[in-house]
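Asks: In terms of this note's numbering, the sequence shown opens at residue 218 and continues consecutively.
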Amino acid sequence: MDYEMLDTTADLQRVCDQARSDRRIGIDTEFLWERTYSPQVCLAQLNVGGRVYLADPLEGVDLAPIAALISDPDVQVVMHAPHADLVAFAQRYDADPVNTFDTQLAAGFMGLSAGLAYEKLVHEVTRRRVQPSESFTDWSRRPLAEKQLRYAGEDVEHLFAMSDTITERLESLGRVQWMREELSRRFDGADRFVTAPEEAWRKVGRRGKLGAKDLAVLREVAAWRERLARIRDLPVGWIAKDPTLIEIARRKPKAVKDLKRVRGVDGSMKPRDLDELLAAIERGRTAEPIVEDGPPPIRGVRKRTAIAKGLATALLRARCEAEDIASELVGTSSDVEELITWVSAGRPDVVDAPFLLRGWREQFGADLVDLVEGRIQLQLIDREPYLVIHHDQ
218 MDYEMLDTTA DLQRVCDQAR SDRRIGIDTE FLWERTYSPQ VCLAQLNVGG RVYLADPLEG
278 VDLAPIAALI SDPDVQVVMH APHADLVAFA QRYDADPVNT FDTQLAAGFM GLSAGLAYEK
338 LVHEVTRRRV QPSESFTDWS RRPLAEKQLR YAGEDVEHLF AMSDTITERL ESLGRVQWMR
398 EELSRRFDGA DRFVTAPEEA WRKVGRRGKL GAKDLAVLRE VAAWRERLAR IRDLPVGWIA
458 KDPTLIEIAR RKPKAVKDLK RVRGVDGSMK PRDLDELLAA IERGRTAEPI VEDGPPPIRG
518 VRKRTAIAKG LATALLRARC EAEDIASELV GTSSDVEELI TWVSAGRPDV VDAPFLLRGW
578 REQFGADLVD LVEGRIQLQL IDREPYLVIH HDQ
């Protein structure tokens, strides 16, 4: 594999201009994310017109031209499992993703796993073989060896071949629109990759047992943590870990001495940090309690729901197997439970329709509704499609 090293921002801009003219670019990055708030890009790899280019931001190349392409609706950005890469470009370069093609996700619509590693997907789709990525390389160390650069370049070399083959296959299956809808849902918009401080509490683990007043405090202290981590470019867990925030939300300390009794609040916090944290706690204490969204609680259906969940999950997986689509793309066990609870509650209008009844997923979710309501019979046969679903009229 041949590649060209782009030594200056002007060189990178020239290649990005060509990509804008082509209306397509393949992108991958090598990054570190252990010690920073957002990923630190150490190398950017590009596929433009079938040629591979490398750009080194640690040697002074500004990656802003790449961010501009990611934000251009007229340029298709082909990537593989791009979430962390897009986090980096959204948080560090103000990119606003709008036309992303994820080869990993798209492959799930043609019956492959939606979580295949790059080298495995290349082989499945193109029958070519590439070396596994150097996952544990410290990409911040310089100089990079020639072997490392070639490995990095291979991570974009086959993106176009894969995206073209996958798209052609999905056209024959009539699923291109499904794919586009899902790509847009997952990747369009910077808000998917930049956590708003006021929404950070939703990412705190094990908050389910907190009361409504506790959640109001958690929202404020999680926002404090998010802002401080962003300012100092540190992982949020280095500011305060989730269990510490949960305990603070429960105790609601009013003084520094009480705050320091919470496990995880130690001498590493500066006096100003402690004062700001106490102020956040007080804001939460006086705020309106938070009642998390969800269908109203239903009594007497727990056992039936558990049985229905097992049957519905099995049906969903069987449907996906028969339809050659990755079940993890369609829905999770939690999504199945959400649908069953909603149906058991009488399909209340006060909550949004379940995830499995939105967009292209509805044709899968509708079978589960019929199952829960007793209007369906299943039959296994010894030929395609192997599973026959009979709906009561």
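Cβ atoms here follow ideal geometry from the backbone N, Cα and C, with glycine treated the same way.
So what's G582 in DSSP terms, helix, strand or just coil?
Replies: G582: helix per DSSP, three-state reduction.
Asks: Give the single residue among S485, D313, A323, R489 whose Cα lies nearest to the Cα of V411.
Replies: That would be D313, whose Cα lies nearest to the Cα of V411.
Asks: Assuming contact is defined by CB atoms lying nearer than 8 angstroms, are D624 and L400 in contact in what I supplied?
Replies: Residue 624 is absent from the model: the chain starts at 218 and stops at 610.
Asks: For M218 versus E374, is the C-beta spacing smaller than 8 angstroms?
Replies: Yes, the pair counts as a contact, with Cβ atoms nearer than the cut-off.
Asks: CA-CA distance, R577 and Q596?
Replies: Note that residue 577 corresponds to Trp in the displayed sequence, not to Arg. Their Cα atoms are separated by approximately 24 angstroms.
Asks: Can you give me the Cβ contacts of A323 inside the same chain, cut-off strictly under 8 angstroms, excluding the 5 residues immediately before and after it?
Replies: Hits under 8 angstroms: S380, I383, T384, L387, M396, L400.
Asks: Apart from the five residues just before and just after R467, which ones in its own chain have a Cβ nearer than 8 angstroms to its Cβ?
Replies: Result list for R467: L427, D431, in chain order.
Asks: Does the Cβ of K520 have 16 or more other Cβ atoms within 10 Å, making it buried, or fewer, making it exposed?
Replies: It counts as exposed.
Asks: In terms of residues, what are the limits of the beta strand (DSSP E) holding Q257?
Replies: That run of the beta strand (DSSP E) goes 257-265.
Asks: From the DSSP output, read off the bridge partner residues of A272.
Replies: BP columns for A272 point to L223, A261.
Asks: Rounded C-beta distance between V292 and R240? I'm assuming under 8 angstroms.
Replies: About 6 angstroms separates the two Cβ atoms, so the contact holds.
Asks: Please name the residue in R424, G391, A429, R436 whose C-alpha comes closest to that of A413.
Replies: For A413, the nearest C-alpha among the options comes from R436.
Asks: For Q321, which of A535, G391, V342, Y310 has the nearest alpha-carbon?
Replies: With distances taken between Cα atoms, Q321 lies closest to V342.
Asks: Using alpha carbons as the reference points, say which of R478, Q230, L303 lies closest to D245.
Replies: It is L303 whose Cα lies nearest to the Cα of D245.
Asks: Within a Cβ cutoff of 7 angstroms, which residues of the same chain sit near T461, ignoring the five residues on either side of it in sequence?
Replies: Cβ neighbours of T461 beyond the five flanking positions: V479, R480, G481, V482.
Asks: What residue range is occupied by the uninterrupted alpha helix (DSSP H) comprising F306?
Replies: From DSSP, the alpha helix (DSSP H) with F306 extends over 300-310.
Asks: Can you tell me whether V560 is buried or exposed? The criterion is at least 16 other CB atoms within 10 Å of its CB, across all chains shown.
Replies: So V560 ends up on the buried side.
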